[in-house]
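Residue numbers (the working numbering): 328 to 608. The C-beta atom is built at its ideal place from N, Cα and C for all residues, glycine as well. Note that the coordinates shown come from a computational prediction; the quantities given were computed from them, not determined experimentally.
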Amino acid sequence: MEFVRTRPTFRRRRLARRIRRLREDAGLTQEQAAAALDMSTSALSRKETGEVATSVHEVRSMMDLYDAYDPGLVDLARSAKAKPWWHAYGITSRGYYHLEEEAVSVREWQLALVPGLFQTEEYARAIFVGAGRVAPERIPDVIAARMRRKQRLPEMSYEAIIHEGALRLPVGGRAVMQRQLHELCSFAELDTVTIRVLPTEPGVVLGLDGPFSLLRYDDPEGPDVLYVEHINGSAHFEAPEAVQVATRTFERLRDGSLSAEDSVRRIRELAEEWAVSLDVR
Numbered sequence: 328m329e330f331v332r333t334r335p336t337f338r339r340r341r342l343a344r345r346i347r348r349l350r351e352d353a354g355l356t357q358e359q360a361a362a363a364l365d366m367s368t369s370a371l372s373r374k375e376t377g378e379v380a381t382s383v384h385e386v387r388s389m390m391d392l393y394d395a396y397d398p399g400l401v402d403l404a405r406s407a408k409a410k411p412w413w414h415a416y417g418i419t420s421r422g423y424y425h426l427e428e429e430a431v432s433v434r435e436w437q438l439a440l441v442p443g444l445f446q447t448e449e450y451a452r453a454i455f456v457g458a459g460r461v462a463p464e465r466i467p468d469v470i471a472a473r474m475r476r477k478q479r480l481p482e483m484s485y486e487a488i489i490h491e492g493a494l495r496l497p498v499g500g501r502a503v504m505q506r507q508l509h510e511l512c513s514f515a516e517l518d519t520v521t522i523r524v525l526p527t528e529p530g531v532v533l534g535l536d537g538p539f540s541l542l543r544y545d546d547p548e549g550p551d552v553l554y555v556e557h558i559n560g561s562a563h564f565e566a567p568e569a570v571q572v573a574t575r576t577f578e579r580l581r582d583g584s585l586s587a588e589d590s591v592r593r594i595r596e597l598a599e600e601w602a603v604s605l606d607v608r
């Protein structure tokens, strides 16, 4: 299984694939193109794999050489070099933000928690405080960045399967859970969002290997990505066999889950159970 430790941003990789296709369509070898562009063959090779950035000036020179003008490439070159929005929140690592930002669809399985994209501020705060992996002074910015991610929901397809046990776990307390489940129901109303609940039933053992996400991109040459979190951080995989195993697992989880409509009804029932427990207190 291939473990991807570092990778260029998806915009840079997409730009790299497109400039490589332009060269190939022009019938030039890397050696010929590099000589005409006054750069080494190794430098052009790194640009065509996304290992290093390609400037707007270089993109224009390539389009002139290949006699193929594409204004979208210039815009892509600019955006590939721009700092991503999450840097403003002090998040500079190449983690899930880079993966999610470019995705056109996400399929997520959660065993113990509500998916991050659907979390309320108070639910997220309870997680970060309880886990103790984020410095207290950083928690407000990390939560704000998590809330900012929600802006992408209308733009991409998001299918989440959540184990019923996660909806019964009192993260932050009863009131926090009641509001969190109501928030889940609100997200389920979006046309781009599908939420399913895997019910807690005797004898049903699915998804116990842990949570994961499958991300797809609007690039026929770009691979799907499997993202997993673990106690020491996270990892993502592009190897087809890894993605296929996770895809089959997700399909089995979907088959064992309630329908989207029944899932929302179940979430509302659980929210009422949290409300009743509040009244009893």
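- In this structure, Gly499 sits away from Glu548, with a CB-CB distance that is not shorter than 8 Å.
- For the 8 Å CB-CB criterion, Arg523 and Ser584 form a contact.
- Across the structure, Thr527 and Ala602 are spaced so that their CA atoms are roughly 20 Å apart.
- By the beta-carbon neighbour count (other beta carbons within 10 angstroms, threshold 16), Ile454 is buried.
- Close CB contacts of Asp589 within its chain, under the 7 Å cut and outside five residues either way in sequence, are absent.
- Contact between Ile489 and Val431 does not hold, since the beta-carbon distance rounds to 22 Å and is not under 8 Å.
- With a beta-carbon spacing of about 5 Å, Thr519 and Ser484 fall inside the 8 Å limit used to define contacts.
- Judged by DSSP in its simplified three-state form, Tyr423 adopts helix.
- The beta carbons of Leu533 and Leu580 sit closer together than 8 Å.
- With respect to Ala353, Tyr393 sits close: the two C-beta atoms are nearer than 8 Å.
- Here the alpha carbons of Arg476 and Ala515 stand approximately 16 Å from one another.
- With a 10 Å radius around the Cβ and a threshold of 16 neighbouring Cβ atoms, Leu400 comes out buried.
- Judged by DSSP secondary structure, Tyr485 falls within the beta strand (DSSP E) whose first and last residues are 484-490.
- Fully enclosed beta strand (DSSP E) runs of no fewer than 3 residues occupy 520-525, 539-544, 552-557, 560-564 of the region 510-579, in order along the chain.
- Annotation for Arg434: the continuous beta strand (DSSP E) segment containing it runs 430-437.
- Listed in chain order, the non-local C-beta contacts of Trp413 below 7 Å within the same chain comprise Tyr424, Ala472, local neighbours out to five positions each way being set aside.
- Within the model, the alpha-carbon separation for Glu482 versus Ala360 is close to 37 Å.
- In summary, Gly492 is exposed, with fewer than 16 beta-carbon neighbours lying within 10 Å of its beta-carbon over all protein chains present.
- Asp546 and Phe337 have their C-alpha atoms roughly 10 Å apart.
- Scanning Arg339, Val552, Leu480 for the CA closest to the CA of Arg373 turns up Arg339.
- When the alpha-carbon of Leu508 is set against those of Arg595, Leu371, Leu364, the nearest one is in Arg595.
- The beta carbon of Val469 is closer than 6 Å to those of Val461 in its chain, skipping five residues each way along the sequence.
- Counted as a single uninterrupted DSSP element, the alpha helix (DSSP H) harbouring Pro467 occupies residues 466-475.
- Separation of Ala451 and Ala409 (C-alpha to C-alpha, rounded to the nearest whole angstrom) is 28 Å.
- Distance between Ser388 and Ala458, taken at the CA atoms: about 50 Å.
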